[in-house]
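Notes follow once the structure below has been shown.
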Amino acid sequence: MDSSSRDVDPAGVDRSRPLYTRLNTTKKQVAYFYDSDIGNYAYVTGHPMKPHRIRLAHSLVMNYNVYKYLEVYRAKPAVVNEMTQFHTDEYIDFLRRVTPDNMENYSREQSRYNVGDDCPVFDGLFEFCGISAGGSMEGAARLNRQKCDIAINWAGGLHHAKKSEASGFCYVNDIVLAILELLRYKKRVLYIDIDVHHGDGVEEAFYTTDRVMTVSFHKYGEYFPGTGELRDIGIGVGKNYAVNFPLRDGITDATYETIFEPVISAVMTYYQPEAVVLQCGGDSLSGDRLGCFNLSMRGHANCVNFVRGFNLPTLVLGGGGYTMRNVARTWAYETGRLVGVEMDPVLPYNEYYDYYGPDYELNVRPSNMENANSPEYLEKIKIAVIENLKHTIPAPSVQMQDVPRHGYNVMTDDMDDELDDEDADNNKDVRVTQREADKRTARDDEFEESDDEDAAAGVGIYQANGKKRPITDF
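Everything in the sequence shown is counted per UniProt numbering, starting at 1 for the first residue and increasing by one.
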């Protein structure tokens, strides 16, 4: 096994141990999408969703030297005619036009499209959506062209957005757009969601088809979005191709493993997908500001590693997660697991090092909260889920043909090969050194956590369970 070594870092800590250790796993070609602009966007003061968390995760990936095992890319942002492959023209046109300066002129549209409150208008809203969707679509396109085995876009995973409606901090559903891209080449795509909230937007988009199976493990009850009960299994041709595993508060690593692994194994057996999209929402971690589960970093990552083991083309995306330092730790650690390395628990020095005190460790520990998921309850749900899977057929009868994409922004094979031939090495260098652009003066609010009581109270944010998720109900 090889490793990467270090000495004493700028914090004065002895770093003689290796940053990481190579694991004895199958080597994967991993494409990693990151745009340094993503951390510059901010919803509103006190809002739980903070795009800056992606910059924190990226900093850890770079400072652990994990990038050496990645192909790092900056995707072209998705454009209007790509977004409207799923969303309505009118909705996307509204997102493109509305700004904080002119939003009073769009009050009717804001109400129609559910923009405001938990999905506010902010500076650069459309550009933010373009970065998120562009990375996911480009990742799917590279998987289709067999340019990688795994594609990662931590800026993606915004699973609540609907065809013509923003929801749950999500405006453009990058997941649906990426799955549509995969369906150009793949007969069957499996979507797995381990966010604490139900993946309602993705399920709704594919509820009537057997070409996509959606599998969501989530908190159910008086909790946003209030959907995803066991009996929601799809309709028409899509009947039995929506899988929901409703959970209660406090689920632990060990308990989660007893349901996740057998259910996903059964899905693989009965459905036989040709590609996987995995949404890794970090709000299922212990201690999340808006979550209610009790998963550790390693418990969360075990799900990612388990899916990796099926050796299918896999698109790995972010999602929820509102305790920034924990989300950053977990997504960085999962990046390491995806390339086959175990990262040292002692954090390397980085530009956000002070944020991880007082332990400065790559770890998210579980708490002592009560686990309301009894073995009997989970077994009952698991049996019902697997019984439904027995009614599926592995191969939808569809005629596969390539769909032309003239005018779209995702690179074609010829464009991609030309870049590879002419200046691939130079491009990779540029992507790696992009992190230098991240070393800048900090915004006043970029380290603000969701539990900043003064800021949160100022806009009426309080954490409480409930089906609806307007920001004033937290």
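Where a beta carbon is used, it is the ideal one built from N, C-alpha and C, also for glycine.
Within the same chain, Cβ atoms closer than 8 Å to the Cβ of MET103 are found at GLN110, VAL121, the five residues on either side in sequence being excluded.
Going by beta carbons, GLY124 and ALA78 fall outside the 8 Å limit. Spatial neighbours of LYS239 in its own chain (CB-CB distance under 7 Å, excluding positions within 5 residues in sequence) are listed in chain order as ILE233. Distances from the CA of LYS162 to each of ASN305, ARG142, MET137, TYR207 were compared; the closest alpha carbon is that of TYR207. Comparing C-alpha distances from GLY299 to each of SER367, TYR355, SER16, ASP359 shows the shortest one belongs to SER367. For LEU389, the CB contacts under 6 Å within the same chain, skipping 5 residues up- and downstream, are ALA266, TYR270 in chain order.
Scanning its chain for C-beta atoms nearer than 7 Å, with the 5 sequence neighbours on each side dropped, one finds around GLU257 the residues ASN302, in chain order. The three-state reading of DSSP puts ILE233 in coil, since its state is none of H, G, I, E or B.
Bridge partners of VAL189 according to DSSP: VAL212, ALA275. Cβ neighbours of THR227 within its own chain (closer than 8 Å, five residues either side excluded): HIS198, ASP200, GLU203. Rounded to whole angstroms, the gap between the alpha carbons of ALA140 and TYR34 is 15 Å. ALA133 is positioned such that its CB atom lies no closer than 8 Å to that of TYR73. Under DSSP, LEU285 shares a beta bridge with LEU295. Taking a cut-off of 8 Å for Cβ pairs, the stretch 138-152 and the stretch 89-106 do not touch, as fewer than three such pairs fall below it. The residues ILE192, ILE264, VAL276, LEU278, THR314, in chain order, have a CB closer than 8 Å to that of VAL307 in the same chain once the five nearest residues on each side in sequence are set aside. Exposed is the label assigned to THR26, since fewer than 16 other Cβ atoms lie within 10 Å of its Cβ. Less than 8 Å divides the Cβ of TYR113 from the Cβ of SER164. Across the structure, ASP93 and PHE217 are spaced so that their CA atoms are roughly 33 Å apart. The beta carbon of ASP174 sits closer than 6 Å to those of SER132, ALA133, SER136, GLY156, LEU158, all from its chain and outside the five residues before and after it, given in chain order. SER296 sits close to ASP253, with the two beta carbons spaced by under 8 Å. TYR32 sits in a strand when the DSSP states are folded into three classes. Judged by DSSP secondary structure, ASN244 falls within the beta strand (DSSP E) whose first and last residues are 242-247. For the 8 Å CB-CB criterion, LEU347 and GLU361 form a contact.
Here the alpha carbon of VAL196 sits roughly 15 Å from the alpha carbon of VAL304. In the structure shown, GLU361 falls within a strand segment according to DSSP collapsed to helix, strand and coil.
Between the beta-carbon of HIS52 and that of MET324 there is about 7 Å, and that keeps the pair under the 8 Å contact cut. Exclusion of the five residues before and after TRP154 leaves ILE54, ALA57, GLY318, TRP331 as the residues of its chain whose Cβ lies within less than 6 Å of its Cβ. When rounded, the separation of the alpha-carbon atoms in TYR69 and GLN29 is 8 Å.
Residue nearest to HIS160 within the set LYS219, ARG108, ILE152, PRO225 is PRO225 (criterion: CA-CA distance). Collapsing the DSSP output to three states places LEU317 in a strand.
For ASN153, the enclosing beta strand (DSSP E) has its first and last residue at 150-153. Between GLY250 and MET83, the C-beta gap is not smaller than 8 Å, which leaves the two residues out of contact. In this structure PRO273 touches LEU190 by the C-beta definition: roughly 4 Å separates them, less than 8 Å.
With respect to the 8 Å criterion, ILE179 and VAL316 are not classified as neighbours on the basis of their beta carbons. Along the length of the stretch 46-85, whole beta strand (DSSP E) runs at least 3 residues long occupy 70-73, reported in chain order.
The alpha-carbon separation between TYR355 and ASN326 amounts to approximately 10 Å.
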